[in-house]
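Notes to accompany the following structure.
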Amino acid sequence: MKAAPVQLLQVMFRKVSVEWDERHAPQEPPNPFTTTFMFDGVDLTTEFSIGELDPDHERGRMYLLSLRLVVDNEPRKDKEDQKYSPYVIDVEARGVVLIPNGAEKLAPPEDLAAVNGASLLWSALREQVLTVSARMMAGQVILPTMNFHDLRKKDGGMSAKPVAAQALTKSPSSSKVRKKLAKRDVAE
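Take the position in the sequence shown, starting the count at 1, then add 269; the result is the number in this note's numbering.
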């Protein structure tokens, strides 16, 4: 076992909102030992941003990432068989990621930060939603595992630009340099 080429130094939650949606909740509370809600067919809207905090750090390059997930349960006219979550969800996390010196041999540092950093933040969002929903009326839900390879620059992303350290406390728009909005139908 050895250290990964991406190190998550800090995770901060900007928002955690999981609300019971009585419009789409099950009639009877599910048995937690036999039932876990799956997000197949549910629209997940994600927003991602990345900015470089310190390109000259002695240990490597540092990036500030932000990842937001929204499940609004709003009907889509273009979907006949749309599925809904028993909860309306809006969660956002930020993280500081270090790409150690030498990791550029594997891939461009920004791509390593974007793809792997987004995965690390997704895991944090996933855990929060699972933890909060476990004590709620419609029972626990667990977000699907995802990959974030589409965030690589060669796949159409923009380059990260330097951001000030105070971006950790400012509104998300202050550090959004690369932004991806995606409606992901989990069934795809």
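We treat Cβ as the ideally placed atom computed from N, Cα and C, and that holds for glycine.
Would residue i and residue j qualify as a contact pair, given that the criterion is a beta-carbon distance under 7 Å?
{"i": "Ser-354", "j": "Val-340", "result": "yes"}
{"i": "Ala-387", "j": "Leu-412", "result": "no"}
{"i": "Ile-368", "j": "Arg-330", "result": "yes"}
{"i": "Val-287", "j": "Ser-392", "result": "no"}
{"i": "Leu-334", "j": "Val-366", "result": "yes"}
{"i": "Leu-390", "j": "Ala-362", "result": "yes"}
{"i": "Val-398", "j": "Phe-306", "result": "no"}
{"i": "Leu-394", "j": "Val-357", "result": "no"}
{"i": "Val-275", "j": "Asn-385", "result": "yes"}
{"i": "Pro-299", "j": "Gly-408", "result": "yes"}
{"i": "Asn-370", "j": "Asp-290", "result": "no"}
{"i": "Thr-304", "j": "Leu-338", "result": "no"}
{"i": "Lys-352", "j": "Gly-310", "result": "yes"}
{"i": "Ala-382", "j": "Tyr-332", "result": "yes"}
Is it buried or exposed, residue i, if we count other Cβ atoms within 10 angstroms and call 16 or more buried?
{"i": "Ala-272", "result": "exposed"}
{"i": "Pro-344", "result": "exposed"}
{"i": "Met-281", "result": "exposed"}
{"i": "Asp-380", "result": "buried"}
{"i": "Pro-378", "result": "buried"}
{"i": "Asp-347", "result": "exposed"}
{"i": "Phe-308", "result": "buried"}
{"i": "Asp-312", "result": "buried"}
In terms of residues, what are the limits of the beta strand (DSSP E) holding residue i?
{"i": "Leu-420", "result": "No beta strand (DSSP E) contains Leu-420, which DSSP labels as neither H nor E."}
{"i": "Gln-279", "result": "276-289"}
Identify every residue that forms a DSSP beta bridge with residue i.
{"i": "Gly-320", "result": "Leu-333"}
{"i": "Phe-306", "result": "Val-410"}
Whole runs of the beta strand (DSSP E) within the stretch 325-413, excluding any shorter than 3 residues: Runs found: 329-340, 356-369.
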